[in-house]
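Numbering (the working numbering), first residue to last: -18 to 246.
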């Protein structure tokens, strides 16, 4: 490794060193004349970038913990899990685990699952678009479920939780249910399964219907419609499909024998 490359690596190590006092020790040990003010400026810029990026991905978590605590959280995550790629929008996936393991947040155990839902929303906003082909729904009347697969919306994801995370996220992002209702559900310890998908260009989230998560997990893994229905005996398909199609969750139907397993995004 060249001397320049070594110096660059030392500077990176110093920028992400935590606590901050360790940064100058790293630089001093290598006899690098960067200047304390210069290093502080770089670190301050990194901290601001971390807070902004995390706020964009996790607006609900930010509201729940408050601005000051969220900024501290962003700084701590920045040092514990530095960005591994150039696109800063892809940084922050580890927040849910970070929250789960935080001693200071053990009294707020639902935050980790809220973060998981928010990251799914954040990710589905950036996946490739897909066109609906609603004419293919006619296959449901001509072929057996064993021969069919459903095409799901880009970024579709499901989450099981022992907390009312669908209500918490919905209350903060869409105003439904109300914050009071979501708070009451949280105090009662209601468990909720959540569905995330993208309708057009808009990431969506809602409470899953009974059995819906079981069915969607099979479909997301490329299983047939028959396998999905077998996995979800409590799902009323006749009730679910008229909800899933207009909302953009289901984009069409594919015959298994001609297309093979459908790769869901």
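Note that CB positions come from ideal geometry on N, CA and C, so glycine has one too.
Name the DSSP beta bridge partners of residue i, please?
{"i": "residue 255", "result": "Because the chain is modelled from -18 through 246, residue 255 falls outside the range shown and cannot be assessed."}
{"i": "residue 178", "result": "185"}
{"i": "residue 173", "result": "142"}
{"i": "residue 236", "result": "129"}
Which residue marks the beginning of the beta strand (DSSP E) containing residue i, and which one marks its end?
{"i": "residue 138", "result": "138 to 142"}
{"i": "residue 211", "result": "Run containing residue 211: none in the beta strand (DSSP E); it sits in the alpha helix (DSSP H), 206 to 212."}
Rounded to the nearest angstrom, how far is the Cβ of residue i from that of residue j, given a contact under 8 angstroms?
{"i": "residue 93", "j": "residue 102", "result": "Not quite, the Cβ-Cβ distance comes to about 15 angstroms (not below 8 angstroms), so this is no contact."}
{"i": "residue 53", "j": "residue 232", "result": "Contact flag wrong, Cβ pair sits at about 42 angstroms."}
{"i": "residue 186", "j": "residue 150", "result": "6 angstroms"}
{"i": "residue 128", "j": "residue 148", "result": "Contact doesn't hold; Cβ gap of about 38 angstroms is too wide."}
{"i": "residue 226", "j": "residue 117", "result": "With a Cβ gap of about 11 angstroms, residue 226 and residue 117 do not count as contacting."}
{"i": "residue 135", "j": "residue 207", "result": "Not really, about 24 angstroms apart at Cβ, beyond 8 angstroms."}
{"i": "residue 70", "j": "residue 34", "result": "7 angstroms"}
{"i": "residue 236", "j": "residue 124", "result": "6 angstroms"}
Along the chain, where does the alpha helix (DSSP H) containing residue i start, and where does it finish?
{"i": "residue 78", "result": "76 to 81"}
{"i": "residue 50", "result": "48 to 61"}
{"i": "residue 104", "result": "92 to 105"}
{"i": "residue 199", "result": "193 to 201"}
{"i": "residue 120", "result": "Per DSSP, residue 120 belongs to no alpha helix (DSSP H) and is neither H nor E."}
{"i": "residue 223", "result": "218 to 225"}
Can you tell me which of the options puts its alpha carbon nearest to the alpha carbon of residue i?
{"i": "residue 60", "options": "236, 138, 167, 30", "result": "30"}
{"i": "residue 182", "options": "196, 111, 163", "result": "111"}
{"i": "residue 130", "options": "209, 163, 75, 161", "result": "209"}
{"i": "residue 199", "options": "233, 132, 47", "result": "132"}
{"i": "residue 174", "options": "168, 230, 165, 188", "result": "188"}
{"i": "residue 78", "options": "98, 138, 70, 159", "result": "98"}
{"i": "residue 86", "options": "163, 46, 192, 67", "result": "46"}
{"i": "residue 137", "options": "33, 237, 230, 109", "result": "230"}
{"i": "residue 105", "options": "114, 161, 120, 139", "result": "139"}
{"i": "residue 73", "options": "56, 88, 236", "result": "56"}
{"i": "residue 100", "options": "227, 67, 146", "result": "146"}
{"i": "residue 248", "options": "202, 194, 88", "result": "In this structure the chain extends from -18 to 246, so residue 248 is not present and cannot be described."}
{"i": "residue 223", "options": "202, 190, 236, 205", "result": "190"}
{"i": "residue 144", "options": "121, 83, 96, 124", "result": "96"}
{"i": "residue 76", "options": "159, 36, 58", "result": "58"}
{"i": "residue 170", "options": "159, 197, 142, 196", "result": "142"}
{"i": "residue 44", "options": "83, 160, 119, 203", "result": "160"}
{"i": "residue 219", "options": "168, 122, 162, 201", "result": "122"}
{"i": "residue 184", "options": "89, 28, 228", "result": "228"}
{"i": "residue 88", "options": "62, 120, 168", "result": "168"}
{"i": "residue 253", "options": "49, 83, 32", "result": "A question about residue 253 goes unanswered here, because the residues of the chain that appear run from -18 up to 246."}
{"i": "residue 83", "options": "51, 68, 205", "result": "51"}
{"i": "residue 192", "options": "211, 202, 201, 204", "result": "211"}
{"i": "residue 90", "options": "172, 49, 48", "result": "172"}
- Query: Is the stretch 28 to 41 in contact with the stretch 142 to 160, if contact means three or more CB pairs nearer than 8 angstroms?
  - Reply: yes
- Item | Touch test, the stretch 169 to 179 against the stretch 204 to 221, Cβ-Cβ under 8 angstroms, three pairs minimum | no
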